[in-house]
Structure formats: C-alpha cells, structure tokens
Amino acid sequence: MSVFDRLKSSKRTTPPAIAIYGTPGVGKTSLASEFPDPLYLFVDGEETPDGIDLPSDQITSFGGLLDTFADLLETEHDFKTVIIDSVDKVEPMVWAATCARNGWDTIDSNDKGSPTAFGKGYLAADVEWGEYHEAIGALTRAGMYVVQILHSETKRHDDPLVDAYDRYRPKLQKRALELVVENCKALLFINRRTSVKQVEAAFGGKKTSKPEGMSGAERVIYTDERAGFYAKNRFNGAPAQIPFKPGQGFAELSKYLLTTATTTSADAA
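Residue numbers (our numbering): 137 to 405.
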C-alpha cells in the first residue's frame with residue numbers, strides 16, 4: 137500500500153477547546169455567551185457577569201469541577217458549550233487538590249529541603265491539570281465547545297533578540313499556562329483597538345506636536361502572538377485580527393473554528 141493511500145484528512149469535525157483572555161471589561165464573557173447553548177461554570181470567588189442571562193453552576197472545588205464535567209458527559213442535556221470562568225480561579229483549587237494528594241501544606245515552599253521547593257510543587261500539579269485537560273478533551277469529542285476564560289496581567293518578557301519589554305499574558309502560573317496553551321486550539325487575546333493622534337502641546341511658550349494614544353470602543357480578537365501580547369491559534373486561514381462586535385463575535389470566529397490542521401497518516405492517528 138502506498139503511503140498516500142494511508143493519508144486521511146484531519147480537518148476538525150468536532151468543536152474545539154479555546155482560551156480567551158483580555159483587559160478588564162473588554163467582553164470576554166460576552167463573547168463566550170454567544171457560543172451555542174452555553175452552560176456557564178463560574179468558580180467560587182468569580183463574579184457572575186451583569187446583563188447576561190446564562191444557565192449557571194457554581195464551582196467550589198476541583199473535585200466539584202471534575203464531577204460537573206462527568207455529569208455533562210454521562211447525562212442527557214441540551215448544552216453545546218461549556219464556559220469556565222475563570223481558569224486562574226481554578227488554579228488554586230488545582231493546587232489544593234495536589235497538596236491534599238501529597239499531604240503538603242503549600243504548593244510552593246522557600247525551604248530548601250521541602251518537596252515543593254524550586255517549583256517542584258507546580259510540576260506535581262501536572263497530575264491534576266492532566267485530569268482537567270483530559271476531561272475538556274472528552275467534552276469536545278462529545279460535541280461541545282469549551283471556552284476557558286482567563287484574566288490578564290502585564291509581565292516582563294525576555295526576548296533573546298531584543299531588549300526585555302512588558303506585554304499582556306494570561307494571569308496564570310507559567311507551567312499551568314503552558315499546559316493550557318498545549319491543550320487548546322486557540323489562545324485569543326481581546327482588547328480595544330488603540331489609535332494614536334497628534335496633539336499640540338506648549339513647552340516654554342513654544343507649541344510642539346506630540347503623539348497621544350487613545351483606546352476607542354472598537355474591540356478586536358487577536359489570534360496571533362505580537363510583541364504586546366501572547367496569543368496563538370491552530371485554525372486554518374484565520375486572520376491575525378478579527379473584529380469583535382457584540383452579538384457577532386461567534387459568527388466571525390465560527391468561520392475558522394472547525395477548519396484546523398492538514399493531512400496526517402492513519403497509522404499515526
């Protein structure tokens with residue numbers, strides 16, 4: 137049999153898991169709510185959004201989150217999307233579950249002899265994060281979108297090619313963020329478009345022109361990494377920027393959500 141006879145299309149036919157983050161109030165939950173028939177899972181400590189009517193369930197522990205995932209997989213329901221708000225609030229629950237499993241007091245210790253020193257606690261949490269991402273993968277294979285919401289922060293980015301600079305990134309511990317990015321089809325950054333205009337300013341009685349940044353009402357979904365923020369996608373043909381108008385966000389994203397990948401060998405599948 138020729139190798140070409142063993143090739144098959146890997147174009148997605150099931151909904152993907154994605155992650156969304158952005159600046160406060162930019163519309164992360166609003167965008168997620170536009171996905172088909174959503175169930176909103178809000179984590180203890182997270183405020184439910186105003187002005188959005190969503191069927192909801194509060195999550196108070198990591199075990200409770202996994203139980204909710206299991207219920208969605210094992211019982212009949214009409215939901216087609218699961219929204220998790222937010223993954224950075226799930227993170228302490230993951231750490232608590234890791235500590236309970238190992239009998240530790242803390243996930244990260246400064247004591248040299250501690251089993252969680254030097255980041256070893258965060259590596260041990262791979263077990264719990266693995267359960268989380270395995271469940272999310274099962275939800276997508278069952279035909280559900282999974283939208284993971286994260287908050288943003290600005291952190292120093294050390295680029296070996298240029299001087300260090302600050303940029304937006306999800307507010308998540310480094311190892312946990314790596315696992316989220318590895319296990320989702322897109323990490324999307326939402327922000328308001330910033331424009332620059334020239335304004336007149338007086339200095340010592342002399343008028344000069346200087347640039348002034350302005351953040352307008354227009355919002356953008358960024359799908360590719362840039363100097364100012366972290367993002368990525370595995371969608372086929374997705375542009376680097378997608379306009380985000382309330383009520384039309386999913387309609388724009390859906391053009392690319394089910395069109396990932398290329399062709400792979402059946403033997404490797």
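Ideal Cβ placement from N, Cα and C applies to all residues, glycine included.
Please read these numbers as outputs of a predicted model, since none were measured by experiment.
Requested in this report: May I ask you to verify whether the region 229 to 246 touches the region 258 to 276, counting CB pairs closer than 8 Å and requiring at least 3?
Outcome: yes
**Report entry** Which of helix, strand or coil DSSP assigns to ARG355
**Finding:** strand
Query raised in the report: Distance, Cα to Cα, ARG142 vs ALA374?
Result: Because the pLDDT at ARG142 is just 45, under 50, the model does not fix this residue reliably, and the value given afterwards should be weighed accordingly. Going by the C-alpha atoms only, they are around 28 Å apart.
Query raised in the report: How far does the alpha helix (DSSP H) with PHE198 in it reach, from first residue to last?
Result: 198 to 210
Query raised in the report: Are there three or more Cβ pairs, one per stretch, closer than 8 Å when the region 240 to 257 is compared with the region 198 to 211?
Result: no
Query raised in the report: Does the Cβ of VAL298 have 16 or more other Cβ atoms within 10 Å, making it buried, or fewer, making it exposed?
Result: exposed
**Report entry** ASP186 versus GLU270: straight-line alpha-carbon distance, rounded
**Finding:** 31 Å
Query - Paired residues, beta bridge with LEU177 - DSSP - result: ASP193 and ILE220
Query raised in the report: Going by the CB atoms, is the gap between SER192 and LEU175 shorter than 9 Å?
Result: yes
Query raised in the report: Sorry if obvious, but does the Cβ on GLU227 come closer than 8 Å to a heavy atom of the ligand FAD?
Result: Ligands displayed in this structure: none; no statement on the ligand FAD is therefore possible.
Report task. Count the other CB atoms, across all protein chains shown, that sit within 10 Å of the CB of SER197; report buried if there are 16 or more and exposed otherwise. Result -> exposed
Query - ARG277 - DSSP class collapsed to helix/strand/coil - result: helix
Query raised in the report: Can you find at least 3 beta carbon pairs, one from the region 289 to 298 and one from the region 164 to 173, that sit closer than 8 Å?
Result: no
Query raised in the report: Going along the chain, which residues of its own chain have a beta-carbon closer than 7 Å to the beta-carbon of ARG292, five neighbours each way excluded?
Result: ALA300 and ASP302
Report task. Express the C-alpha separation of GLU264 and ASN369 in angstroms, rounding to a whole number. Result -> 25 Å
Query raised in the report: Given SER138, which residues of its chain have a CB within under 8 Å of its CB, disregarding the five upstream and five downstream residues?
Result: Here SER138 scores only 45 on pLDDT, less than 50, and its place in the model should not be relied on; the value that follows carries that caveat. Same-chain partners within the cutoff: there are none.
Query - ASP189 versus ASP173 - alpha carbon distance - result: 12 Å
Query raised in the report: Where does the unbroken alpha helix (DSSP H) through ALA312 begin, and where does it stop?
Result: 310 to 318
Query raised in the report: What is the DSSP secondary structure of GLY158, reduced to helix, strand or coil?
Result: strand
Report task. Could you tell me the distance, in whole angstroms, from the CA atom of ARG277 to the CA atom of TYR304? Result -> 31 Å
Query raised in the report: Are the region 248 to 257 and the region 280 to 289 touching by the rule of at least three beta carbon pairs closer than 8 Å?
Result: no
Query raised in the report: If you compare alpha carbons, which of PHE386, PRO152, SER288 and GLU361 is closest to LYS225?
Result: SER288
Requested in this report: Give the DSSP bridge partners of SER390, in chain order.
Outcome: The partner list for SER390 (beta bridge, DSSP) is empty, contrary to what the question assumes.
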